[in-house]
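In full-length UniProt numbering, the protein residues as written are 1 to 757.
Okay, here's the thing in structure tokens:
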């Protein structure tokens with residue numbers, strides 16, 4: 001007989017007719033929820049306390065510091081919380097240290113910070129007895145973005161936006177007269193040179209020294225004239241900026257300095273988040289910007305004086321391999337500028353500057369300015385970022401650099417449950433901080449304790465509000481296991497800080513080439529939410545910065561054979577490679593079987609040779625989500641009908657006697673196993689007792705595990721949820737094996753209906 005046998009768990013064997021070898025198992029399908037929540041408990045909570053604390057009083061006599069926190073045992077188990085219409089939560093206790101700087105006295109105390117909702121093993125929360133899911137949000141990543149537009153005269157105009165995670169936006173633009181302006185936090189525009197002057201570089205010569213001369217900058221300098229000669233240029237610019245930000249208030253250079261410091265250079269008020277710093281460094285780094293440009297100067301090793309790259313060389317990938325280690329150094333082509341003492345930031349400005357030839361006129365030299373390898377731990381913006389962004393903006397006008405596509409998945413990231421919780425908790429903590437400061441000034445410093453200073457109401461209220469009424473905290477779709485699983489893997493562009501249905505245009509909703517292997521092109525609702533709510537693809541995972549990665553098999557660059565080495569690539573990284581399809585014929589040793597190979601390079605489908613291939617897809621189903629992957633022979637379906645099929649499978653009512661499909665796709669076992677409705681063994685052992693209500697397993701180490709089955713429970717969707725044991729006394733079970741079928745399951749597999757044959 002054709003095909004080969006494949007075992008799914010211990011209770012089901014299927015005959016597979018696939019011609020493509022499975023090289024990678026599917027990941028845990030709810031890890032997007034569990035990993036994110038575990039990160040929050042391990043790191044996110046601590047980071048946030050470190051951000052807010054220490055809290056000092058207005059005189060600086062008392063300071064309250066964070067020491068540690070612990071979550072105690074939950075008051076109710078999951079089942080008890082359901083029964084009592086309560087929350088499945090654990091008491092959060094925080095150890096705080098109060099220091100009196102006048103007397104040197106230190107008091108430490110354990111403070112109760114309210115009950116904190118815990119995530120169940122299934123990736124859900126029990127709030128007021130009902131199961132809820134926190135849907136992951138798809139938002140624009142913090143960073144520097146450049147865009148282009150055409151004005152009414154047909155001239156291309158460029159714009160730039162510096163978007164933080166929290167804080168004031170900074171926007172650059174040019175007008176019809178080619179004068180460059182900057183807007184701070186969507187206020188009235190000011191000439192760009194005024195911001196440079198406020199950073200401590202008052203004279204025109206200093207500005208030209210830093211940014212180099214170009215038409216737009218010269219036009220801006222002509223407009224930006226010295227009006228009030230009693231003030232220095234730096235002070236005049238500071239007052240101008242203050243007038244734009246706070247119209248009608250008396251303007252002084254000091255108040256402007258403190259306002260700008262608070263807006264941009266105070267880590268508590270301005271936060272790029274680690275992802276914003278990573279994206280900004282990547283965008284402004286010379287490693288990416290010099291590619292494809294011709295050098296207008298010879299680059300030499302700063303230690304030995306040995307020439308690395310000659311003047312007139314065009315920088316390609318090979319040249320960049322030699323150059324990259326030098327660009328990472330702090331002493332390579334670094335120029336230091338000293339701002340005046342009247343500036344907002346008075347520390348020296350370090351920039352990495354390399355001159356290149358203009359693409360339009362090889363005689364003209366254009367400076368390319370990098371932000372000087374700023375440490376990834378630094379979360380606020382630096383003057384070097386502002387100057388390097390301005391340089392990128394001016395370089396775009398002479399044809400150097402690229403504008404950004406905001407729908408590219410390299411520029412959109414996932415905010416999962418952990419980060420959403422962290423943001424909400426931070427709001428509560430900052431409200432609490434104000435109360436603590438006030439109490440510090442009222443209470444007697446000699447007798448006050450941390451417990452008396454802390455008011456946990458704002459923290460408890462913000463958490464309760466998030467779980468109870470946030471747009472992203474949703475009543476779980478519990479019609480069948482597939483509905484549950486899909487709900488936990490859903491990605492929404494709506495919600496606080498995201499888009500609104502009415503404002504979202506066609507481009508945002510459309511399928512983008514970067515969705516390949518990351519977001520399903522099929523599974524999305526019909527109606528007003530189409531394209532705004534998506535589903536994570538089956539093999540996709542989310543990296544530490546929140547970008548979606550998809551796995552590819554590496555092709556050896558020496559032998560051009562496909563290896564079993566798997567690399568996870570973000571959309572940004574994938575743009576640098578050529579990727580072959582999963583169904584490309586291979587020989588037994590991993591060589592490509594045909595001379596021409598269908599492959600993808602960015603948004604293009606190309607025919608190419610083995611020498612150009614860098615990676616290969618791991619599986620045909622990596623393109624689609626779990627529900628879509630349940631459809632057999634999907635490639636023969638019309639995409640609109642497949643969309644309906646994928647959505648309607650989630651609405652199948654669990655039957656009393658379900659049948660697993662005769663024709664499956666191989667994902668049924670994994671979908672049912674990870675959905676959370678099956679009873680899963682936690683250790684290796686032997687089954688000692690089975691009845692309809694419980695299964696007892698004697699572990700290999702001698703301990704006894706008792707598993708209670710769910711019997712005829714009403715689910716969120718009003719459906720009958722019941723578990724039936726599929727093991728017998730004497731069976732040896734492995735860790736992570738299915739002991740009992742849940743609703744819509746047969747022998748460990750997803751079974752949404754009955755076979756009529």
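Just so you know, even glycine gets a beta-carbon here, dropped at the ideal spot from N, CA and C. The structure presented is a predicted model; accordingly, all values stated were derived computationally and were not measured.
Asked, Found
"Simplified DSSP state of residue 456, which is helix, strand or coil", "coil"
"From 529, 453, 606, residue whose alpha carbon lies closest to that of residue 98", "453"
"Through-space distance from residue 247 to residue 58, alpha-carbon basis", "28 Å"
"Alpha carbon of residue 42 to alpha carbon of residue 48, nearest angstrom", "11 Å"
"Beta-carbon proximity list for residue 488, same chain, < 6 Å, skipping 5 on both sides", "30, 33, 123, 133"
"Secondary structure of residue 440, DSSP reduced to three states", "helix"
"Under 7 Å between C-beta atoms of residue 416 and residue 141", "no"
"Neighbourhood of residue 618 by C-beta distance below 8 Å, restricted to the same chain and skipping five residues each side", "23, 24, 539, 551, 552, 553, 566, 582"
"Those residues which DSSP pairs with residue 353 across a bridge", "369"
"For residue 235, the nearest candidate out of 275, 161, 326, 344 (CA to CA)", "344"
"Proximity of residue 291 and residue 327 at Cβ, strictly below 7 Å", "no"
"Complete runs of the alpha helix (DSSP H) confined to the region 92-147 [at least 4 residues]", "none"
"Reference residue 354, options 411, 210, 162, 376, closest by Cα", "210"
"Per-residue burial, residue 441 [other beta carbons within 10 Å of its own, 16 or more giving buried]", "exposed"
"Member of 518, 463, 720 whose CA lies at the smallest distance from the CA of residue 569", "518"
"Three CB pairs or more closer than 8 Å across the region 304-315 and the region 164-179", "no"
"Whole-angstrom distance between residue 8 and residue 740, CA atom to CA atom", "15 Å"
"Which residues DSSP lists as bridging residue 382, in chain order", "Its beta-bridge partners do not exist; DSSP assigns none."
"Any 3 or more C-beta pairs closer than 8 Å across the region 620-631 and the region 593-604", "no"
"Residue 688, enclosing beta strand (DSSP E) - first and last residue", "685-690"
"Those runs of the alpha helix (DSSP H) which lie wholly inside the region 527-590 and span at least 4 residues", "571-574"
"Of the listed residues 610, 588, 606, nearest to residue 594 (C-alpha basis)", "610"
"For residue 287, the first and last residue of its enclosing alpha helix (DSSP H)", "286-289"
"Straight-line Cα distance separating residue 138 from residue 398", "34 Å"
"Whole-angstrom distance between residue 357 and residue 363, CA atom to CA atom", "7 Å"
"Collapsed DSSP secondary structure at residue 764 in the structure displayed", "The structure shown does not extend to residue 764, since the chain spans only 1 to 757, so no value can be given for it."
"Inter-residue spacing [alpha-carbon to alpha-carbon] between residue 185 and residue 115", "37 Å"
"Three or more C-beta pairs below 8 Å linking the region 359-374 and the region 468-477", "no"
"Opening and closing residue of the beta strand (DSSP E) in which residue 642 lies", "Unbroken run through residue 642 is the alpha helix (DSSP H), 639-649; no beta strand (DSSP E)."
"Sub-7 Å separation of residue 580 and residue 616 beta-carbons", "yes"
"Where the alpha helix (DSSP H) through residue 622 begins and ends", "No alpha helix (DSSP H) holds residue 622; DSSP gives it neither H nor E."
"Which of helix, strand or coil DSSP assigns to residue 720", "strand"
"Any C-beta of chain D under 7 Å from that of residue 209", "You won't find chain D in this structure, because it holds only one protein chain."
"Of the residues 430, 305, 664, 295, the one placed nearest residue 359, counting alpha carbons only", "295"
"The region 645-653 touching the region 518-531, judged by at least three CB pairs closer than 8 Å", "yes"
"Contacts around residue 407, its chain only, beta-carbon distance under 7 Å, and the 5 residues preceding and following it disregarded", "507, 508, 512"
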